[in-house]
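The structure under discussion appears below in the form of structure tokens.
Number of protein chains: 2
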Amino acid sequence: MSARVISAADLEPLATGAWILGAGGGGDPYHALLNVRRLYRDGRSVSLLDPEELDDDALVAVVSTMGAPLVGEERLTDPEVAALAVRHMEEHLNRRFDAVMSLEIGGSNAFQPLMVAAVTGLPVVDADTMGRAYPEAQHSSFAIGDLQPWPLTLADIRDNAVVISRAASWKWMERLSRKACTEVGSVAATCKAPRTGREVKAWGIPRTVTRAIGLGRAVLEARARKADPVAAALEHAGGLLLFRGKVVDVARRTTEGFLRGTARVEGLDHDRGHELVLDFQNEFTVGWLDGAPRVTVPDLICVLDAVTGDAIGTEALRYGQRVRVAALPAPGLQTTPSGLEHVGPRAFGYDLDYAPVFDSPGESGT
Amino acid sequence: MSARVISAADLEPLATGAWILGAGGGGDPYHALLNVRRLYRDGRSVSLLDPEELDDDALVAVVSTMGAPLVGEERLTDPEVAALAVRHMEEHLNRRFDAVMSLEIGGSNAFQPLMVAAVTGLPVVDADTMGRAYPEAQHSSFAIGDLQPWPLTLADIRDNAVVISRAASWKWMERLSRKACTEVGSVAATCKAPRTGREVKAWGIPRTVTRAIGLGRAVLEARARKADPVAAALEHAGGLLLFRGKVVDVARRTTEGFLRGTARVEGLDHDRGHELVLDFQNEFTVGWLDGAPRVTVPDLICVLDAVTGDAIGTEALRYGQRVRVAALPAPGLQTTPSGLEHVGPRAFGYDLDYAPVFDSPGESGT
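Top line first, the protein sequences correspond to chains L and V. The opening residue of the first sequence carries number 0 in numbering that gives the first Met the number 0; numbering runs sequentially from there. The opening residue of the second sequence carries number 0 in numbering that gives the first Met the number 0; numbering runs sequentially from there.
Written out as structure tokens, the structure is:
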């Protein structure tokens, strides 16, 4: 297996791009960025492996920090604990991993495999299972592919560790792991069901680490040359500007391990006189323009700072922010009938069909 | 290792005696009795092994059905699922067990190792970790002995399985396993932290299966010869009659995986004009006579039917029942300073010291 090195100069673009792909969730990558920068300064570095270079029978660890984004802002991910979840899985399987990948490229979990890799020396696979962030286990591409949901390992900072060694379904896996996560404080390091190279190539969302770095670089370069970073992001990602406005109200509660709520955005400029209401469960799920659904999952609903182009997470929304609300196309797999069963509006409790805002699905679909 | 066979004729006495030792909790053993009787009719039988006959390095599975007694009345323990928790533990350890024992002799969990033994062929150790029933993991004699709390396996009827592979403390083990149990419906088969023969001999409460069978036989024989079964039970167990009366009020709620509440008993006969109030968390914790504490954990507080001598569980208490309330002496280990830290009144949230109703601790203490 050959791999390229993720350079120290790639880290900030990765944070910026992953935060946009978080679609409001996944948690602000800022602290994770600092953490991995420190590991790089200490001489560690991480290599990135194209999924096509994985051997069919290679064993890949799928990692994430699980929990509510608001909690993750206060209780940071420790690379040693992130690696501990992977080590517990190796003990449970009595087998070593060959590589590590992220459950979700969106938000701070983009850095989770880098932390594990810096501690363990494993390469990071250039792929994830969501192409963004989603709140629950059954939203992953491996769930859409109906792969085996178990086992899962979960580790916390106190040296508690839980293995979900069998789960009757993806939803049962979500329920059991979420309860354990909530009990240890609504944040925990997890290692999801291990995957073979064959499974990652068949069902992973490929090259999303590279995609996030590219997206972030577009924003940062536009900002450096005083161009419009939001426009640069949308051009790079093939996105659509939906609304310009000011956040005028946020209702937010952390419940059952999730951050749920609603944000109201009052139109400015061309959108004056209109209102966009955004629902979220960690990530933005549905945007309502003047009371009618304008955009829904699985399309990525992104709220960006109007000036810097930085993403604004659901935990950081507040009165007065000037924002641009944009849609990015969902990975193609998520807009198939079985994809929509897992990540369409109905999967989030809405009596709504998916109304695509794009003519064709995203390029990174499988 | 030599062992005697538990005969079919031992099963009803075991149920009757274990139900009294449940101290209100542990769940009515009636359905478990029917279940094991059926296994016996199908040609299975179970051997009983004195703990002193265990090799020092023998590996012993400690089993229980975990949950709220009220739920256990509707969702019965399946011997195959009870054995499944043990098999998951063997897989996790990559080692086979030599014997099986109960977490608690009180209530239906007296039969849990018999079910596992009937399915797996393992012998049952004549011991438990409580000498009665208690609601939580940190109440076991292995917790009092400060033995390692982990790992624990939990299995449900849907083919969900959870391993608590590390726990920062006994209370963390309790919290994590309780949440998993509650999530699968407040009842699950568990296999607690495996023990060596040496640990069982040092910290187990010995010969409690034999004790429960003897106690039950005393009650059943008294009933058969029209003698007073309550008096026979107290004489056999060295217990003390505390109160005669009628249940006049029961407040009960199933919350956080426990059955909690209070029962009021109005005095009859010699106790006319007095009132005994019994608090419970699955098991009876404190008895208040006319407002003052009369009996507390760790002494066993038992409510027996005035006529039959059968135990009445906290989930079956109801208005109008004529009852005898008795105390049985706690195993000696539980009345030591470190024992009381785990199972004294303060461990159940009371600002009360243990006030023993007996001059000397129980004979089955270690």
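From the three backbone atoms N, C-alpha and C, an ideal C-beta is built for every residue, glycine too.
- If you ignore the 5 residues before and after residue 135(V), its C-beta comes within less than 6 Å of the C-beta of 173, all in its own chain and listed in chain order.
- Interface criterion met: the Cβ of residue 171(V) is under 9 Å from a Cβ in chain L.
- C-alpha of residue 333(V) to C-alpha of residue 297(V): approximately 6 Å in a straight line.
- Under the Cβ criterion of 9 Å, residue 85(L) is not counted among the residues facing chain V.
- Of all residues in the segment 156-167 of chain V, those with a C-beta nearer than 9 Å to a C-beta of chain L are 157, 158, 159, 160, 161, 162, 163, 164, 165, 166, 167, reading in chain order.
- Close CB contacts of residue 255(L) within its chain, under the 6 Å cut and outside five residues either way in sequence, are absent.
- Counting only residues of its own chain and dropping the five nearest sequence neighbours on each side, residue 337(L) has a CB closer than 7 Å to the CB of 143.
- Not a single C-beta of chain V is nearer than 9 Å to the C-beta of residue 31(L).
- Counting only residues of its own chain and dropping the five nearest sequence neighbours on each side, residue 91(V) has a CB closer than 8 Å to the CB of 150, 152, 162, 164.
- For the pair of segments examined, the segment 205-217 of chain L was found to touch the segment 12-22 of chain L: the number of CB pairs separated by less than 8 Å reaches three.
- About 33 Å separates the Cβ atoms of residue 154(V) and residue 218(V), ruling out a contact at the 8 Å cut-off.
- The Cβ atoms of residue 78(V) and residue 108(V) do not sit closer than 9 Å to each other.
- Put simply, the segment 236-255 of chain L touches the segment 309-323 of chain L. At least three CB pairs are less than 8 Å apart.
- When rounded, the separation of the alpha-carbon atoms in residue 8(L) and residue 41(L) is 15 Å.
- The beta carbon of residue 127(L) sits closer than 6 Å to those of 101, 103, 104, 204, 207, all from its chain and outside the five residues before and after it, given in chain order.
- According to the DSSP assignment, residue 115(L) belongs to no beta strand (DSSP E) but to the alpha helix (DSSP H) extending over 111-119.
- At a cut-off of 9 Å between beta carbons, residue 93(L) contacts chain V.
- Of the other Cβ atoms in all chains shown, 16 or more fall within 10 Å of the Cβ of residue 191(L); this residue is therefore buried.
- Under DSSP, residue 283(L) forms a beta bridge with 279(L).
- Residue 264(V) counts as buried, since at least 16 other C-beta atoms from the protein chains shown sit within 10 angstroms of its C-beta.
- When DSSP states are grouped into helix, strand and coil, residue 37(V) belongs to the helix group.
- Shortest Cα-Cα distance from residue 293(V) to any of 325(V), 11(V), 272(V) involves 325(V).
- Annotation for residue 89(V): no beta strand (DSSP E) segment contains it, though the alpha helix (DSSP H) segment containing it runs 78-92.
- Distances from the CA of residue 313(L) to each of 302(L), 307(L), 193(L) were compared; the closest alpha carbon is that of 302(L).
- Of the other Cβ atoms in all chains shown, fewer than 16 fall within 10 Å of the Cβ of residue 93(L); this residue is therefore exposed.
- Interface flag for residue 183(V) against chain L is set, since a Cβ pair is found closer than 9 Å.
- In chain order, 12 place their CB closer than 6 Å to the CB of residue 216(L), counting only its own chain and leaving out the 5 sequence neighbours on each side.
- The continuous alpha helix (DSSP H) containing residue 200(V) extends over residues 196-202.
- Taking the Cα positions, residue 39(V) is about 8 Å away from residue 117(V).
- Chain L has no Cβ within less than 9 Å of the Cβ of residue 293(V).
- Residue 185(L) is not a Cβ neighbour of residue 354(L), given a cutoff of 9 Å.
- Taking 9 Å as the CB threshold, residue 74(V) stays off the interface with chain L.
- Contact of residue 245(L) with chain V is not assigned, every C-beta pair being separated by 9 Å or more.
- When only Cα atoms are considered, residue 70(V) and residue 138(V) end up about 21 Å apart.
- Put simply, of 309(V), 358(V), 54(V), 125(V) the residue whose alpha carbon is nearest the alpha carbon of residue 97(V) is 54(V).
- Taking a Cβ-Cβ threshold of 8 Å, the residues of chain L close to residue 178(V) are 178, 179, 181, 182, in chain order.
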